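Numbering (our numbering), first residue to last: 10 to 557. We put the CB at the ideal spot given by N, CA and C, even for glycine. Please read all numbers here as calculations on a predicted model, not as lab measurements.
Below, the structure written as structure tokens:
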């Protein structure tokens, strides 16, 4: 395509006509041809759920915008990354899709330069510090790393070549000041695939653009700023070009899935689409755009952000809550919905996790014979399990509906708990197999979400064994203390006991000591449940209580 001239000129309008630039009707989404995953996902390109069809069988190419590493990552960032991590795990574990995920690290940017000047360190050192901190935060939240992290500064030659082709294809122009801008008018109404651009202003601050909507591909260098050589003089990349270049360098001219926070839809993702399709000369570069909702502090309409100074760092958050609890918090809402963060919402997640853990513990105790219950309605439980498995798969195939999935899991647990009521006398058969199947399924699904129901690992196994021996010894002492007098008085006429038998008086102090040990261990995270003369135990979050 020929390069266009300044906006409003007759030659520019003629160029648009002659080169058949797309009309508004040509924004229509093109359903990909390929492998139908059986999943429907909300596509920001169409504003509705669409069948997720991949170019290659059981392989999903996935690109996501990583952090701009000039400061600590906060909980708003964490929410988006954890939510998309859950989606990727669902695709991999439930629908057997091999997700190839690439993430960019923005390590050169206006904010990085400004912060480095404030702290009197180099932009490179600042970026590396916060990049490593970000990776540690993601590891702490158990977010799978991408197949590869790619830094902007490692890809400058590729970015320059990318820009050169866009210019050659007639979709960008060089100014006398050494800046390069994307020419939005050159693609007509194709600009605006993600958002309605009516009344939306362009990027501010530049005086040498043809159209306010045009955006920088290359910025001429300023004094004391990092810069690289280019055909247009020394400078550095614009914000959006990095993602198009890096995604294209790995995945080529077609991308299955692009993800990010909803705040990135415009201008960032919109501009990515424009420059990628201009580079590849294709009608549709990214097939599915998935956006996560904002995290809000409860009672605030503003998203959590660094600029508003209303954020909680991930490091500080993990002093009060666990990764398990945060992942549960994310599961309780749709990934594309806004989410309110507060102590109350985190306590709801903690309570839900506690209920799940308690059921797993009780089901295991029942299977081991430590928990005695009346005969269960085994057939009903098998039916409930089968229905839950079907409901969960259906919910996850419907735009990754994790709230509905959790409702189904909690309903299954409720029905299990109804039949796990302790009894002192048991008559009839036991049903350990069905509880084993329920336990395995709950662990499997929570494992898909990377919510760990068996957190005691490594050196903690020693603690496990010590607690096991302690509780076993206590149970023997308690059983001895509860033993009754050898012969209680009987009614001479009926032969029945006149009064209830009691522990022998000299053993009551032992029983009190057993109760004291149980009560003292609870605040330390060891929760003992007495079931008649038997006892079960579990290690819980320190200070957390359990309902018997």
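**Request:** Could you have a look at residue 89 and say whether DSSP puts it in helix, strand or coil?
**Result:** Numbered from 1 along the chain shown, position 80 holds the residue referred to as residue 89. In the structure shown, residue 89 sits in a helix (DSSP, three-state: H, G or I).
**Request:** Identify the continuous beta strand (DSSP E) that holds residue 69 and give its terminal residues.
**Result:** Looking up residue 69 in the chain shown gives position 60. Counting along the chain, the beta strand (DSSP E) containing residue 69 begins and ends at 68 to 77.
**Item:** Alpha-carbon to alpha-carbon, residue 130 and residue 52
**Value:** For the purposes of this step, residue 52 is taken as the residue at position 43 of the chain shown. For the purposes of this step, residue 130 is taken as the residue at position 121 of the chain shown. Residue 52 and residue 130: Cα-Cα distance of roughly 42 Å.
**Request:** Can you give me the Cβ contacts of residue 480 inside the same chain, cut-off strictly under 7 Å, excluding the 5 residues immediately before and after it?
**Result:** Locating residue 480 in the chain shown gives position 471, counting from the first residue. So the qualifying residues of the chain are 537, 544, 546.
**Request:** With distances taken Cα to Cα, identify the nearest neighbour of residue 534 among 548, 149, 188, 524.
**Result:** Counting from 1 along the chain shown, the entry for residue 534 is found at position 525. When each option's Cα is compared against that of residue 534, the closest is 548.
**Prompt:** Given 8 Å as the limit, is there contact between the region 361 to 376 and the region 422 to 435, that is, 3 or more CB pairs closer than that?
**Reply:** yes
**Request:** Apply the 10 Å Cβ neighbour rule to residue 477 and answer buried if 16 or more other Cβ atoms are within range, or exposed otherwise.
**Result:** The residue labelled residue 477 in the question sits at position 468 within the chain shown. Per the 10 Å Cβ criterion, exposed.
**Message:** One question on the structure: do residue 372 and residue 400 come within less than 7 Å of each other, judged by their Cβ atoms?
**Reply:** On the chain shown, residue 372 is found 363 positions in, with the first residue counted as 1. On the chain shown, residue 400 is found 391 positions in, with the first residue counted as 1. Cβ distance not < 7 Å, so residue 372 and residue 400 don't count as in contact.
**Item:** Host beta strand (DSSP E) of residue 47 (start-end)
**Value:** Against the chain shown, residue 47 aligns to sequence position 38. Here the beta strand (DSSP E) through residue 47 covers 44 to 52.
**Prompt:** Counting Cβ pairs closer than 8 Å, one from the region 114 to 124 and one from the region 70 to 85, do we hit at least three?
**Reply:** yes
**Asked** How would you label residue 280, buried or exposed, when you count the other beta carbons within 10 angstroms and need 16 or more for buried?
**Response** As a first step, residue 280 must be located in the chain shown, where it is residue number 271. Answer is buried; the Cβ neighbour count reaches 16.
**residue 5 (DSSP reduced to helix, strand or coil)** = The chain is shown from 10 up to 557; residue 5 falls before or after that span and cannot be answered.
**Item:** Assigned exposure category for residue 194 - 16 Cβ within 10 Å defines buried
**Value:** Along the chain shown, read from residue 1 onward, the residue named residue 194 stands at position 185. With 16 or more Cβ atoms within 10 Å of its Cβ, residue 194 is classed as buried.
**Asked** What are the start and end residues of the beta strand (DSSP E) that includes residue 539?
**Response** Working through the chain shown from its first residue, we reach residue 539 at position 530. Counting along the chain, the beta strand (DSSP E) containing residue 539 begins and ends at 535 to 540.
**Asked** Can you list, in chain order, the stretches of the alpha helix (DSSP H) that have 4 or more residues and sit fully within the region 381 to 432?
**Response** 387 to 406, 411 to 427
**Request:** With a threshold of 16 other CB atoms inside 10 Å of the CB of residue 430, please say whether the residue is buried or exposed.
**Result:** As a working note, residue 430 is residue 421 in the chain shown. So residue 430 ends up on the exposed side.
**Request:** Let me know the beta strand (DSSP E) ranges lying completely inside the region 259 to 344, each 3 residues or longer, listed in chain order.
**Result:** 264 to 270, 295 to 301, 304 to 306
**Request:** Measure the alpha-carbon distance for residue 217 versus residue 230 and round it to whole angstroms.
**Result:** Reading the chain shown from its first residue, position 208 is the one you call residue 217. Reading the chain shown from its first residue, position 221 is the one you call residue 230. Their Cα atoms are separated by approximately 15 Å.
**Nearest neighbour of residue 159, chosen from 147, 259, 325 [CA to CA]** = By one-based count along the chain shown, residue 159 stands at place 150. Selected option, being the one with the closest Cα: 259.
**Request:** Use the C-beta contact count for residue 292: other C-beta atoms within 10 angstroms, 16 or more gives buried, fewer gives exposed.
**Result:** As a working mapping, residue 292 is identified with position 283 in the chain shown. Label assigned to residue 292: exposed.
**Message:** Can you check which of these residues, 74, 89, 60, 102, is closest to residue 459 by C-alpha distance?
**Reply:** On the chain shown, position 450 is the one that residue 459 refers to. The candidate whose alpha carbon is nearest that of residue 459 is 102.
**Request:** State the DSSP-derived secondary structure class of residue 244, mapped to helix, strand or coil.
**Result:** For the purposes of this step, residue 244 is identified with residue 235 of the chain shown, where counting begins at 1. Residue 244 falls in the strand class under three-state DSSP.
**Prompt:** Are residue 385 and residue 440 closer than 7 Å when you measure CB to CB?
**Reply:** Taking the first residue of the chain shown as 1, we reach residue 385 at position 376. Taking the first residue of the chain shown as 1, we reach residue 440 at position 431. In contact: residue 385 and residue 440 (Cβ atoms closer than 7 Å).
**Message:** Measuring CB atoms only, is the region 332 to 340 touching the region 147 to 155, in the sense that at least three cross pairs come out at less than 8 Å?
**Reply:** yes
**Asked** According to DSSP, is residue 251 helix, strand or coil?
**Response** Taking the chain shown and counting its residues from 1, one reaches residue 251 at position 242. Helix, per DSSP.
**Request:** Ignore the nearest five residues each way along the sequence and tell me which others in residue 411's own chain have a CB closer than 6 Å to its CB.
**Result:** Start at 1 with the first residue of the chain shown, and residue 411 comes out as number 402. Answer for residue 411: 340, listed in chain order.
**Prompt:** Any contact of the region 240 to 256 with the region 160 to 173, i.e. 3+ C-beta pairs under 8 Å?
**Reply:** yes
**Residue from 127, 522, 277 with nearest C-alpha to residue 204** = Taking the first residue of the chain shown as 1, we reach residue 204 at position 195. Ranking the options by Cα distance to residue 204, first place goes to 277.
**Message:** For the region 176 to 187 against the region 264 to 273, do three or more pairs of beta-carbon atoms, one drawn from each stretch, fall closer than 8 Å, so that the two count as touching?
**Reply:** no
**Message:** Measuring alpha carbon to alpha carbon, tell me which residue in 461, 391, 98, 111 is nearest residue 406.
**Reply:** One-based indexing of the chain shown puts residue 406 at position 397. Ranking the options by Cα distance to residue 406, first place goes to 98.
**Message:** Quick check on this structure: which residue in 313, 394, 518 has the alpha carbon closest to the alpha carbon of residue 88?
**Reply:** Within the chain shown, the letter at position 79 stands for residue 88. The shortest Cα separation from residue 88 among 313, 394, 518 belongs to 313.
**Message:** Using a 10 Å radius around the Cβ and a threshold of 16 neighbouring Cβ atoms, would you call residue 233 buried or exposed?
**Reply:** Start at 1 with the first residue of the chain shown, and residue 233 comes out as number 224. Burial call: exposed.
**Request:** Give me whichever residues DSSP pairs with residue 543 in a beta bridge.
**Result:** As a first step, residue 543 must be located in the chain shown, where it is residue number 534. The partner list for residue 543 (beta bridge, DSSP) reads 540.
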